[in-house]
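For any residue, its number in the numbering used here is found by taking its place in the sequence shown, counting from 1, and adding 206.
Backbone N, C-alpha and C fix where the C-beta goes; we use that ideal spot for every residue, glycine too.
Encoded as structure tokens, the structure appears first; notes follow it.
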Amino acid sequence: MNQERVFQILVGPHVSEKAAIAADANNQYVFRVAVDATKAEIKKSVEQLFKVKVDNVSTLRVKGKVKRNRYGYSTKPTWKKAYVRLEQGQEIDFAVAE
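Right under this line is the structure:
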């Protein structure tokens with residue numbers, strides 16, 4: 207996988223209450239990822255960017271919501287998120303990513 211693809215896969219961290227609970231309880235981090243990214247690509251990207259060992263990756267597609275505006279209905283885009291579980295003793299510090 208080339209270096210450009212590594213940066214295209216991870217869109218950014220997904221910050222929510224559920225993500226914070228998963229990080230504390232299971233050593234998992236939640237990322238917003240490209241829709242066409244595979245689990246293997248996500249694992250390689252996280253390992254290369256944050257210099258950690260990934261134990262497991264779970265992905266899911268979040269369906270875009272239908273919103274109503276003055277012109278009728280529109281649909282927000284569908285996106286993908288990944289729950290990345292790190293090996294014991296590993297952690298990601300988003301403030302000081304190398």
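Cβ-based burial, residue i [other Cβ within 10 Å; buried from 16]
i       : result
Ala-301 : exposed
Val-290 : buried
Leu-266 : exposed
Ile-248 : buried
Contact under 7 Å by Cβ, residue i with residue j
i       : j       : result
Val-268 : Thr-281 : no
Ile-215 : Ser-251 : yes
Leu-292 : Val-258 : yes
Beta-bridge pairing of residue i - partner residues as DSSP gives them
i       : result
Ser-264 : Tyr-289
Phe-237 : Pro-219 and Ala-288
Lys-273 : Ser-280
Cutoff 6 Å; reference residue i; Cβ partners in own chain excluding five residues on either side
i       : result
Glu-253 : Val-260
Gln-209 : none
Beta-carbon proximity list for residue i, same chain, < 7 Å, skipping 5 on both sides
i       : result
Ala-220 : As written in the sequence, residue 220 is His, which differs from the Ala given in the question. Same-chain partners within the cutoff: Val-236, Phe-237, Arg-238 and Lys-287.
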